[in-house]
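First the structure, in the form of structure tokens, and then the observations on it.
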Amino acid sequence: MVISLDLITSVISFLFTLLILSYLIGDNPLFRIAVYIFVGVSSGYVAAVAWWQVIMPRLIYPLVYGSVLERSFIAIPLLGALLILMKIFPRWAGLARIAMAFLVGAGAAVIIAGALIGTLIPQISATINAFDVNSASVRNISVVEVIFNGAFILAGTVFTLIYFHFGASPKADGSMRRLGLIETSAWVGRIFIGITLGTIFAGVFAAALTALIERISALINFFGNF
Numbered sequence: 365m366v367i368s369l370d371l372i373t374s375v376i377s378f379l380f381t382l383l384i385l386s387y388l389i390g391d392n393p394l395f396r397i398a399v400y401i402f403v404g405v406s407s408g409y410v411a412a413v414a415w416w417q418v419i420m421p422r423l424i425y426p427l428v429y430g431s432v433l434e435r436s437f438i439a440i441p442l443l444g445a446l447l448i449l450m451k452i453f454p455r456w457a458g459l460a461r462i463a464m465a466f467l468v469g470a471g472a473a474v475i476i477a478g479a480l481i482g483t484l485i486p487q488i489s490a491t492i493n494a495f496d497v498n499s500a501s502v503r504n505i506s507v508v509e510v511i512f513n514g515a516f517i518l519a520g521t522v523f524t525l526i527y528f529h530f531g532a533s534p535k536a537d538g539s540m541r542r543l544g545l546i547e548t549s550a551w552v553g554r555i556f557i558g559i560t561l562g563t564i565f566a567g568v569f570a571a572a573l574t575a576l577i578e579r580i581s582a583l584i585n586f587f588g589n590f
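Pasting the structure below:
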């Protein structure tokens with residue numbers, strides 16, 4: 365009797381679906397087993413990808429087969445890794461601050477650049493493009509509608525940014541409060557943020573519902589094949 369690969373994968377998929385859906389009756393060992401397997405497989409996959417696509421081609425091969433210049437470049441991160449390992453020894457733990465300071469500085473630079481290039485500048489460009497009458501005329505959109513949509517997007521952007529303005533001044537009773545105009549604008553920005561989070565939640569819920577329907581359909585097809 366030859367067992368096909370499709371049958372094996374169908375059985376495994378069926379079992380894991382039941383294990384995951386068992387969470388509907390509460391946290392139980394069957395659900396934990398499925399989660400542990402998923403986490404273990406994911407960790408193994410990430411470790412394999414890191415080894416074969418990062419460590420081997422970018423560290424081991426340059427050290428063994430690379431030129432003197434390549435080995436010199438590799439020596440710098442190796443030195444940093446060695447300094448970080450010094451945190452194991454209390455006497456030499458201070459040496460790790462050099463590498464940690466570099467990592468924190470580089471990470472902060474990447475985060476700031478990512479926030480500017482990936483969020484702030486695209487948001488400004490999208491807000492400006494919302495007032496583009498020429499591109500709107502191609503789509504048969506009236507000027508009034510363009511101005512209304514652009515103003516709405518601009519207002520949402522401005523009020524949302526004001527919401528994250530935390531500058532405050534002390535009052536006579538000792539409390540810290542923002543200016544009345546800032547507080548009112550922040551309240552309006554909270555509405556825009558709520559609408560955005562509601563939209564995101566609706567998208568996540570729709571995706572989860574789609575996954576649930578797909579799994580139920582897989583269970584039905586599994587029994588139908590027999």
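Add 364 to a position in the sequence shown, counting from 1, and you land on the number used in our numbering.
Where a beta carbon is used, it is the ideal one built from N, C-alpha and C, also for glycine.
On the CB-based measure, 16 or more other CB atoms within 10 Å of its CB, does residue i come out buried or exposed?
| i | result |
| --- | --- |
| residue 398 | buried |
| residue 549 | buried |
| residue 553 | buried |
| residue 372 | exposed |
| residue 574 | exposed |
| residue 494 | buried |
| residue 474 | exposed |
| residue 510 | buried |
| residue 569 | exposed |
Do residue j and residue i come within 7 Å of each other at the CB atom, strictly closer than that value?
| i | j | result |
| --- | --- | --- |
| residue 374 | residue 586 | yes |
| residue 387 | residue 380 | no |
| residue 448 | residue 460 | yes |
| residue 438 | residue 446 | no |
| residue 356 | residue 456 | No statement about residue 356 is possible, as the shown extent of the chain runs from 365 to 590 and does not include it. |
| residue 521 | residue 483 | no |
| residue 541 | residue 535 | yes |
Measure from the alpha carbon of residue i to the alpha carbon of each residue in the options, then state which is nearest.
| i | options | result |
| --- | --- | --- |
| residue 401 | 535, 413, 384, 388 | 384 |
| residue 443 | 411, 368, 462, 404 | 462 |
| residue 497 | 404, 512, 570, 394 | 512 |
| residue 519 | 450, 570, 391, 488 | 488 |
| residue 546 | 539, 530, 439 | 530 |
| residue 558 | 582, 527, 533 | 527 |
| residue 582 | 382, 414, 469 | 382 |
With a threshold of 7 Å on Cβ separation, who are the neighbours of residue i within its own chain once the five nearest residues in sequence on each side are excluded?
| i | result |
| --- | --- |
| residue 523 | 549, 552, 553, 556 |
Apart from the five residues on each side of it in sequence, which residues of its chain come closer than 8 Å, Cβ to Cβ, to residue i?
| i | result |
| --- | --- |
| residue 466 | 444 |
_Complete runs of the alpha helix (DSSP H) confined to the segment 401-475 [at least 4 residues]_ = For the segment 401-475, the full-length alpha helix (DSSP H) segments reaching 4 residues or more read 425-429, 432-449 along the chain.
Point to revise | Complete beta strand (DSSP E) runs within the segment 525-554 (minimum length 3 residues, chain order) | key: DSSP runs (the beta strand (DSSP E)) wholly in the segment 525-554: none.
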